[in-house]
Amino acid sequence: MASNNTASIAQARKLVEQLKMEANIDRIKVAWWGLLPKTAPKNSEDPLLTPVPASENPFREKKFFCVIL
């Protein structure tokens with residue numbers, strides 16, 4: 001039982017040392033720059049960047065004229 005406990009403590013120490021090393025690493029935010037080259041070619045097709053013309057928009061408001069007599 002004592003050897004199992006000692007092994008467990010040694011494993012935990014290794015983990016702590018690894019986490020300390022990883023915590024000191026300077027991070028580079030690459031999420032935006034990594035996605036930019038992949039999305040740039042389709043920017044002209046993106047309706048959020050270039051609005052869909054009203055005549056082609058299937059979700060435009062319908063104009064109903066109702067006359068109540």
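Heads up: the sequence shown begins at 1 in the UniProt record's numbering, then just goes up one per residue. Ideal Cβ positions, reconstructed from N, Cα and C, are used throughout, including at glycine. Note that this is a predicted model, so its numbers are computed, not measured.
Within the UniProt domain "G protein gamma" (5-69), the runs of alpha helix (DSSP H) at least 4 residues long that lie entirely inside it are, in chain order, 31-39.
If you check the CB distance, residue 49 and residue 57 do not come in under 8 angstroms.
Straight across, the Cα-Cα distance linking residue 60 with residue 54 is about 7 angstroms.
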